[in-house]
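Chains E and X supply the protein sequences, listed in that same order.
Per full-length UniProt numbering, residue 1 is the first one in the first sequence, and the count goes up by one each step.
Per full-length UniProt numbering, residue 1 is the first one in the second sequence, and the count goes up by one each step.
Beta carbons are placed, not taken as given, at the ideal position from N, Cα and C, and that holds for glycine.
Here the structure comes first, spelled out in structure tokens, and everything after it is commentary.
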Amino acid sequence: MAKKTYDLLFKLLLIGDSGVGKTCVLFRFSDDAFNTTFISTIGIDFKIKTVELQGKKIKLQIWDTAGQERFHTITTSYYRGAMGIMLVYDISNAKSFENISKWLRNIDEHANEDVERMLLGNKCDMEDKRIVPKAKGEQIAREHGIRFFETSAKANINIEKAFLTLAEDILRKTPVKEPNSENVDISTGGGVTGWKTKCCS
Amino acid sequence: VEGREEGSGVPAFEKDPLELTVEDVYDISYVIGKDLLKVSRVGAEVSDLQFKIVRVLEMFEIMVNRYNLSLEELRMERDNWKEELGRVVAEGSNGNIIGPDKLVIDLKDPNRPRFTMQELKEVLQERNQLKAQLLLAQEELQLYKSGVMPQPQQNMENPPSDPPLTTEESIEHKDEKTTIQKL
């Protein structure tokens with residue numbers, strides 16, 4: 001019998017203004033690398049990373065969206081399949097912080113109602129260029145009842161922590177049947193079906 | 001008394017006719033009226049001429065008035081057009097002379113936009129699907145190489161599908177696989 005490479009599949013989505021570092025955050029997490037050259041994402045891309053949480057192998061399929069308004073129609077069509085959404089802003093870019101409410105509205109409009117949300121203030125290594133105080137990020141996150149991290153893809157600060165926390169939050173509300181140790185596949189199927197019932201009913 | 005001198009001394013008589021104002025016409029009428037009074041004292045037969053002159057002066061007044069109004073109107077219209085022209089020229093240099101929310105495309109520009117959003121969407125979907133299949137194939141190859149998997153086996157679960165179908169499809173595939181594996 002073929003051995004399955006993972007127990008659960010979580011679909012995550014990265015959104016936020018253009019240039020805040022969504023692709024870099026993802027690249028740091030998936031490949032543990034950083035690239036300073038800015039290449040604007042065209043429409044939508046994804047990366048896969050398998051992590052282990054609570055003894056379960058969880059395959060994270062992470063969708064990386066273009067922040068530019070011109071790709072809006074393409075990117076919003078990917079909101080619906082997401083179980084977790086990371087909203088990223090740049091602590092050195094006031095506009096990207098002001099736009100958080102716009103992005104949250106996009107989530108309300110296009111994503112599943114029970115989608116797990118998280119706010120990231122990226123580029124926190126650039127303290128000399130900081131415009132958005134950490135407290136303001138914490139405040140807006142508190143107001144919307146979502147988790148918040150300041151991250152740096154460049155300095156590798158809080159990146160893995162953010163992804164793992166989001167995955168844990170999703171795992172917590174994923175109904176999983178007690179795994180029958182001899183047959184992992186049934187529990188997996190049950191888990192995903194359970195999630196489907198929850199989100200689509 | 002000193003009408004003669006006054007008559008030739010009125011500046012309105014010396015003016016360019018096209019620059020006359022209604023006030024000038026009134027000045028002229030005043031002077032002519034004074035002269036006529038002197039004449040009428042001499043003989044009553046001039047009264048008919050007097051009326052004709054008054055009538056001509058009235059016509060003169062209307063014409064000067066109308067002329068000046070028309071001139072003012074034309075000036076205003078000219079200024080409006082000048083303004084409009086300036087605006088259009090400025091817009092033209094900004095590249096959207098064809099109106100707001102429109103963009104002029106240079107057909108000679110090799111980098112000009114020429115694909116629709118729908119086409120881009122389809123290409124991206126296909127790219128992402130192929131990428132997902134490659135990742136799966138790599139994963140399987142790895143398992144195969146490491147000897148965990150005895151033989152290559154169909155494993156088509158979870159290609160990142162078109163967004164609206166994501167959940168449905170992955171479940172279908174999962175069910176498929178579960179069945180296969182149960183056998």
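- Of E:G81, E:D108, E:A141, E:K136, the smallest CA-CA separation from E:Q61 is found for E:G81.
- Counting only residues of its own chain and dropping the five nearest sequence neighbours on each side, E:I91 has a CB closer than 6 Å to the CB of G121, K123, C124, R130, V132.
- Between E:M118 and E:A162 a beta carbon distance of about 7 Å is seen, short of the 8 Å cut, so the two are scored as contacting.
- A residue is called buried once 16 or more other Cβ atoms fall within 10 Å of its Cβ, and X:N128 is buried on that count.
- The alpha-carbon separation between E:L14 and X:K145 amounts to approximately 34 Å.
- Contact between E:L8 and E:I58 holds: CB atoms are separated by about 5 Å, below the 8 Å threshold.
- DSSP places E:D128 within a helical segment (H, G or I) once states are collapsed to three.
- In the structure shown, E:V51 falls within a strand segment according to DSSP collapsed to helix, strand and coil.
- For X:L103, the number of other beta carbons within 10 angstroms of its own is below 16, and it is reported as exposed.
- Chain-order list of chain X residues neighbouring E:T5: E139, L143, by C-beta distance under 8 Å.
- Among the CB atoms of chain E, none fall inside 7 Å of the CB of X:K102.
- Within the segment 24-51 of chain E, those residues whose Cβ lies closer than 8 Å to any Cβ of chain X are, in chain order, I42, G43, I44, D45, F46, I48.
- In the DSSP assignment, E:Y89 is bridged to E:G121.
- Counting only residues of its own chain and dropping the five nearest sequence neighbours on each side, E:Y78 has a CB closer than 7 Å to the CB of L13, I44, W63, T65.
- For E:I74, the C-beta contacts it makes with chain X under 8 Å involve M117, L120, K121, L124, in order along the chain.
- Under the 7 Å criterion on CB atoms, X:N128 is classed as interfacial with respect to chain E.
- Between E:G67 and E:G16, the C-beta spacing is below 7 Å.
- In the structure shown, E:S18 adopts coil according to DSSP, grouped into three states.
- With respect to the 7 Å criterion, E:T165 and E:I157 are not classified as neighbours on the basis of their beta carbons.
- Taking C-alpha positions only, E:R105 is separated from E:L87 by approximately 12 Å.
- In the three-state reduction of the DSSP assignment, E:K56 falls in the strand class.
- Chain order gives the chain E residues near X:L135 as I48, where near means a beta carbon separation below 7 Å.
- The beta carbon of X:V22 lies closer than 7 Å to those of E61, V64, N65 in the same chain, with the five residues before and after it left out.
- DSSP places E:R147 inside the beta strand (DSSP E), whose first and last residues are 147-150.
- In the displayed model, E:E116 falls within a strand according to three-state DSSP.
- By the Cβ test, the segment 31-45 of chain E is in contact with the segment 117-137 of chain X, since at least three Cβ pairs between them sit closer than 8 Å.
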